[in-house]
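**Q** Pasting in a structure now, in structure tokens, and then I'll have a few things to ask.
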Amino acid sequence: MSRASASVTIGGVGPGAVEAAWCDTARWPEFVDGLARVLAAGPTYPEAGSSVEWESFPAGRGKVLETVTGYEPGRLVASRVEDESTTARQLVSFEDSQGGTAVTIELDYELRQRGPFTALTDLLFVRRAQSDSLRRTLLGLEQMLSGGAP
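Listed below in structure tokens is the structure:
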């Protein structure tokens with residue numbers, strides 16, 4: 010598996026408020042990079058076993074299914090993430106940080122289609138694209154919560 014990650018510290022907003030925004034699937038189109046619309050969200054999200062299905066913009070990832078594998082209120086949401094080209098484990102953590110909240114996303118992923126150049130393609134292109142997307146998601150979350158530019 011390969012790993013992509015991103016972190017941001019959101020000033021002036023406590024971990025509870027940041028986690029609440031992250032877990033409000035109705036708001037995901039406001040900040041999740043590439044997400045066009047949420048198709049279905051389980052009523053118990055983010056409890057373990059619940060899931061969210063969403064769809065990307067055209068030429069994106071297509072349909073994505075996120076199933077929660079672990080949840081510690083105020084601390085983390087762990088999920089299995091699947092789309093047409095990847096399977097992944099995602100961990101989103103929230104930590105109090107000097108009057109704000111440090112948010113980190115770690116994505117351990119595997120490309121479904123393997124070939125002789127998969128490792129090189131992942132190293133040169135996919136991993137960076139994944140990290141950039143995670144960073145854009147966190148910056149979008151920060152912008153949404155601050156009501157302005159990050």
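Okay, so the sequence shown: first residue is 10 according to the numbering used here, each after it adds one. No residue lacks a Cβ here, since even glycine has one placed at the ideal position from N, Cα and C.
1) From the DSSP output, read off the bridge partner residues of residue 63.
2) Let's test the definition: count the other Cβ atoms within 10 Å of the Cβ of residue 142 and tell me whether it reaches 16, buried, or not, exposed.
3) Please determine, among 121, 156, 105, the residue with the shortest C-alpha to C-alpha distance to residue 18.
4) Please name the residue, chosen from 103, 79, 28, 114, that lies closest to residue 42 on a Cα-to-Cα basis.
5) By Cβ distance below 8 Å, which residues in the same chain neighbour residue 153 in space, the five residues on each side in sequence not counted?
6) Can you tell me whether DSSP reads residue 106 as helix, strand or coil?
7) Is it the case that the CB of residue 35 approaches a heavy atom of the ligand GDP more closely than 6 Å?
8) Just tell me which of 85, 102, 77 has its CA closest to the CA of residue 91.
**A** Once the coordinates are examined:
1) Taking the first residue of the sequence shown as 1, we reach residue 63 at position 54. Secondary-structure assignment with DSSP links residue 63 through a beta bridge to 47, 73.
2) Taking the sequence shown and counting its residues from 1, one reaches residue 142 at position 133. A residue is called buried once 16 or more other Cβ atoms fall within 10 Å of its Cβ, and residue 142 is buried on that count.
3) Within the sequence shown, the letter at position 9 stands for residue 18. Comparing Cα positions, the closest option is 105.
4) Mapped onto the sequence shown, residue 42 falls at position 33. Of the residues 103, 79, 28, 114, the one whose Cα lies closest to the Cα of residue 42 is 114.
5) Position 144 of the sequence shown holds residue 153. Only 30, 36, 39, 40 meet the Cβ criterion.
6) Numbered from 1 along the sequence shown, position 97 holds the residue referred to as residue 106. In the three-state reduction of the DSSP assignment, residue 106 falls in the strand class, which pools E and B.
7) Questions concerning the ligand GDP fall outside what the structure shown contains, since it holds no ligand whatsoever.
8) The residue you call residue 91 lines up with position 82 of the sequence shown. Closest by alpha carbon: 77.
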